[in-house]
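To keep things clear, I will list the structure first and then write my remarks on it.
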Amino acid sequence: MTSADTNTGERPTRPETSTADIAIRRAGVDDAACVHHLICGLAENQGHPHAVIASVADLEKMLARPEITYLIAERDGQAIGYVSWLERISFWSGDDYLALDDLYVVDTERGQGVGEQLMRAAADLADGKVIRWEVAETNIAAQRFYERIGATLTPKRICRWQPIAE
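Numbered as in full-length UniProt numbering, the sequence shown ends at 166 without a single skipped number.
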């Protein structure tokens, strides 16, 4: 999922910056507080500020799991975005794929190539595996971004079900 400043794709004006001074690195257990801050930023940006239930301690456990990858983009030592995914397998094809969980860039850095750098870093680590994710139908800016980097958008409904334990 990604977020845009508005779902129409409009971006606020900001000074030009270079992507050359952006560092992308894999988050470790010690980055759990930073990761939590970024996830809360995404939730706030999408209008769901209270949706993040995972604690910093929960994220420490998640970041220790080998099937989870979380890349942080930094400029001048400040976290400005992230991409996260889980490794999965398709029972239809028998192939592994990456299930992208989130792509997020802070508002002040949007339109500067950070999102594309994060996606390219994910592609490098995917080592030829397919990357799959969902995007809200109303998030036109994200859809345009994904098409621009070469992704194929397919019509598919995402279902969620949480049965009540008896």
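Here a beta-carbon is modelled for each residue, glycine too, at the ideal position from N, C-alpha and C.
query: Exposed unless 16 or more other CB atoms sit within 10 angstroms - verdict on GLY115; result: buried
query: Endpoints, beta strand (DSSP E) assigned at ARG88; result: 78-89
query: Buried versus exposed, by CB contacts within 10 Å (16 or more), GLN78; result: exposed
query: Local Cβ density within 10 Å of ASP31, reported as buried at 16 or more and exposed below that; result: buried
query: Any alpha helix (DSSP H) of 4 or more consecutive residues that is wholly inside the stretch 96-144; result: 114-126
query: Selection from SER84, TYR146, GLY41, GLY94 that minimises the alpha carbon distance to ILE72; result: SER84
query: Of the listed residues GLU87, LEU38, CYS34, nearest to LYS129 (C-alpha basis); result: GLU87
query: LEU71 (DSSP reduced to helix, strand or coil); result: strand
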